[in-house]
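Numbering (the working numbering), first residue to last: 21 to 144.
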């Protein structure tokens with residue numbers, strides 16, 4: 021189950037505009053990248069400890085942590101802005117995690133200067 025989930029999330033991330041998801045050797049993890057900026061990290065191997073770390077709104081992050089024991093402050097990340105979600109969870113659906121991936125992507129995308137976003141969109 022965890023391995024299939026990981027593949028699904030990797031595929032989902034790769035389908036987002038200007039995003040790529042790949043194994044990053046220097047960090048030893050699956051790296052979610054939009055135009056050179058991180059929007060997620062995922063364990064490289066399926067296990068009971070495997071997780072995905074995603075950016076989120078700080079207030080929403082707190083609520084998510086309070087509602088599920090499978091969501092913790094971001095592992096090796098700013099604890100205010102990032103959450104880690106254990107992929108073994110049965111409390112959180114794949115669709116909910118995909119929404120979190122998309123939200124993380126949007127938060128990072130919106131930080132690019134308008135000029136950069138416009139140039140990228142024009143290059144499609």
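Every residue gets a Cβ at the ideal spot worked out from N, C-alpha and C, and that includes glycine.
As the structure is a computational prediction, the values presented were derived from the model and not from experiment.
Check, Outcome
"Tell me the DSSP bridge mates of residue 102?", "75"
"Taking residue 122 as the reference, which of 54, 50, 24, 47 has the closest Cα?", "54"
"Please classify residue 119: does DSSP put it in a helix, a strand, or coil?", "helix"
"So, helix, strand or coil for residue 50, using DSSP?", "strand"
"Residue range of the beta strand (DSSP E) that residue 62 falls in?", "57-62"
"Quick one: what does DSSP say residue 131 is sitting in, helix, strand or coil?", "coil"
"Would you mind sorting residue 129 into buried or exposed? The rule is 16 or more other CB atoms within 10 Å of its CB.", "buried"
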